[in-house]
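All the letters of the sequence shown, read from the start, carry residue numbers 3 to 416 under our numbering. Every residue, glycine too, gets a C-beta built ideally from N, C-alpha and C. All figures in this text were calculated on a predicted structure; none of them were measured in a lab.
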Amino acid sequence: MKDIQVKKLIEAEKKRQKKVINLIASENYVSKDVLEALGSELTNKYAEGYPGRRYYGGNEIIDKTETLCIKRALELFKLDPNEWHANVQPLSGSPANLAVYTALSGSRTQSASGSGTFKIMGMKLDHGGHLTHGHKVSASGKFWTQVPYGLDATTETINYDQLMELAMNEKPAVVVSGYTAYPRIIDWIGMKEVANAAGALLMVDMSHIAGLVAGGAYPSPFPYADIVTTTTHKTLRGPRAAIVFARKDKRDKAGNPMELDKKIDKAVFPGLQGGPHANQIAAVAVALKEAAAPAFKKYAFQIVKNARVLADELHRRGWRLISGGTDSHLILVDTWNNGKKNSQGAGGISGKEASDRLEKAGIIVNKNTIPFDIRSPADPSGIRLGTAAETTRGRKEKDFKMIAKKIDGILGSQ
Ligand SMILES: Cc1ncc(COP(=O)(O)O)c(C=O)c1O
């Protein structure tokens with residue numbers, strides 16, 4: 003690279019990534035092949051439209067690339083192409099979710115109750131939901147109305163009866179499940195029952211768990227969901243991008259075809275995006291092939307084993323974990339009410355202080371709100387830990403025992 007300034011920055015970031023222990027639950031390390039596809043000449047091409055229906059000439063190869071990516075996406079999650087459609091053009095997770103609401107809100111599904119308000123029933127931010135699940139600072143909450151739900155105060159897990167009652171009262175158009183900071187297995191059947199009872203669609207945002215689902219280490223939402231969105235760069239270990247899957251055969255209450263596939267395609271392009279990023283789509287295709295290999299299955303199970311060890315070791319050392327533990331790649335630690343009182347006896351340390359202290363010692367995490375948090379998102383009560391990135395680097399249970407010991411040493415001291 004001739005640009006020395008940028009080259010130096012890239013080298014410095016590569017070095018930083020190698021040096022630290024990365025416990026950011028939404029990050030991972032992609033393969034050289036994924037990087038090669040991302041940095042390829044495919045970035046030079048404009049390809050507005052879809053395979054076989056482009057607004058620019060010269061798209062023979064791009065058509066093949068996108069078609070291959072779609073095929074691999076459907077195969078990886080064991081979906082019948084007659085039943086499921088995949089759109090691989092969303093640039094990232096947030097635009098993918100926005101595309102779904104854009105597609106649905108202009109349709110007959112606007113509201114099951116027949117009123118004009120398009121309601122998105124989504125998990126509150128401090129309980130583990132994502133901004134794009136209807137939070138007011140995101141476009142999803144500015145353009146549409148969130149019906150917020152939270153976790154059970156005692157178990158810190160989803161209470162499906164509470165959700166059912168809320169859904170029946172509010173009649174949302176769409177129920178969103180799949181979260182940013184929820185460590186447990188989601189009962190997809192329970193979520194489907196909630197959506198069905200309210201006459202709503204079930205949209206699952208499996209961004210965090212997609213790699214676990216692909217590897218068989220977490221239950222698949224596909225048998226129950228109407229729409230599934232996912233980023234490709236978290237546990238799935240691909241480039242930064244997203245996919246929207248939609249059922250082709252969904253009908254509304256009157257029996258009319260909802261054409262979710264066509265509506266979502268239109269919402270992505272021309273609704274929200276222009277030319278797709280063909281290099282990114284090629285890199286997604288590479289990652290999907292990697293995720294279909296037997297080694298990835300092992301990887302997915304190892305992520306969960308590592309997370310369980312990390313959770314158990316922290317718990318054993320006196321740390322309060324939200325919901326008591328984990329079934330996935332992710333752990334939420336309550337650093338504020340941890341039973342290890344600070345010098346004022348007022349609790350532990352804030353999530354920000356915990357994150358800062360760990361970073362100084364080379365362990366990278368993110369501060370995170372906990373359910374019913376009394377503190378602000380800028381300085382919340384907890385930290386979120388994830389095991390996907392370090393599992394990619396070959397770390398196993400014994401390594402995570404050491405990591406737990408280190409974390410306890412750094413955060414436990416006054
Ligand atoms: C559940 C969930 N959905 C969507 C997103 C948004 O993805 P992106 O940052 O690619 O826009 C995230 C990001 O962390 C997420 O956790």
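Beta-carbon proximity list for residue i, same chain, < 8 Å, skipping 5 on both sides
i: serine 109; result: Caution applies to serine 109, whose pLDDT of 48 falls short of 50 and renders its modelled position unreliable; the value that the coordinates give is listed next. So the qualifying residues of the chain are Met260 and Lys265.
i: leucine 214; result: Tyr220, Thr237, Ala302, Ile305, Val306, Ser330 and His331
i: glycine 364; result: Lys21, Val22 and Ile23
i: serine 357; result: Val367, Asn368, Lys369 and Ile385
i: aspartate 154; result: Ile160, Asn161 and Gln164
Opening and closing residue of the beta strand (DSSP E) in which residue i lies
i: valine 206; result: 203-207
i: alanine 88; result: 86-89
i: arginine 2; result: Nothing about residue 2 can be read from this structure; the chain reaches only from 3 to 416.
i: serine 179; result: 176-179
i: glycine 124; result: 121-125
Cβ neighbours of residue i in the same chain (closer than 7 Å, five flanking residues each side left out)
i: glycine 143; result: Gly136 and His137
i: leucine 334; result: Ala183, Pro185, Leu323, Ile324, Asn370, Ile372, Gly384 and Arg386
i: valine 36; result: Gly240, Pro241, Ala285, Val288 and Ala289
i: proline 53; result: Asp65, Glu68 and Thr69
i: alanine 114; result: Unreliable placement is indicated for alanine 114, whose pLDDT of 46 sits below 50; the coordinate value is still reported in the next sentence. For alanine 114, where only same-chain residues beyond five positions count, the Cβ hits under 7 Å are Lys173, Ala175, Ala200, Gly201 and Ala202.
Extent of the continuous alpha helix (DSSP H) run through residue i
i: tryptophan 146; result: That residue, tryptophan 146, is in no alpha helix (DSSP H); it is neither H nor E in DSSP.
i: methionine 3; result: It is not in any alpha helix (DSSP H) - methionine 3 carries neither H nor E in the DSSP assignment.
i: isoleucine 405; result: 399-414
i: glycine 192; result: 190-200
i: glutamine 282; result: 280-294
i: alanine 212; result: 212-217
Distance cut-off 8 Å: residue i Cβ against heavy atoms of ligand 1
i: alanine 244; result: yes
i: lysine 236; result: yes
i: aspartate 207; result: yes
i: serine 42; result: no
i: asparagine 61; result: no
i: tyrosine 181; result: yes
i: asparagine 30; result: no
i: threonine 134; result: yes
i: asparagine 308; result: no
i: serine 383; result: no
i: histidine 317; result: no
i: proline 379; result: no
i: serine 330; result: no
i: asparagine 99; result: yes
i: glycine 143; result: no
i: glycine 124; result: no
i: glycine 152; result: no
6 Å CB neighbourhood of residue i in its chain, flanking five on each side removed
i: lysine 20; result: none
i: glycine 51; result: Tyr57
i: aspartate 228; result: Leu203, Leu204, Arg249 and Lys252
i: alanine 27; result: Leu332, Arg386 and Gly388
i: arginine 359; result: Ile412
i: leucine 44; result: Ala280, Asn281 and Ala284
i: serine 222; result: Val215
i: isoleucine 72; result: Ala88 and Val90
Contact belief for residue i with residue j at Cβ below 8 Å, rounded distance in angstroms
i: isoleucine 188; j: isoleucine 160; result: 7 Å
i: glycine 201; j: lysine 121; result: Contact flag wrong, Cβ pair sits at about 11 Å.
i: methionine 123; j: valine 149; result: 4 Å
i: glycine 217; j: lysine 299; result: 5 Å
i: alanine 269; j: alanine 105; result: 4 Å
Any non-hydrogen atom of ligand 3 within 8 Å of residue i CB
i: proline 53; result: Of the ligands one can find in the structure shown, namely ligand 1, none is ligand 3.
Output the residue ranges of the beta strand (DSSP E) runs that lie fully inside the region 314-342 and measure 3 residues or longer, sorted by chain position.
-> Listed in chain order, they are 332-336.
If you scan the region 227-270 from start to end, which runs of the alpha helix (DSSP H) of 4 or more residues do you find wholly inside it?
-> Every unbroken stretch of the alpha helix (DSSP H) spanning 4 or more residues and falling wholly within the region 227-270 is given here in chain order: 262-268.
Ordered list of alpha helix (DSSP H) runs contained in the region 349-386, each at least 4 residues = Within the region 349-386, complete alpha helix (DSSP H) segments of at least 4 residues are found at 353-362, given in chain order.
In chain order, each alpha helix (DSSP H) run of at least 4 residues that lies wholly inside the region 24-104 = The alpha helix (DSSP H) runs lying completely inside the region 24-104 and spanning 4 residues or more are 34-40 and 62-78, given in chain order.
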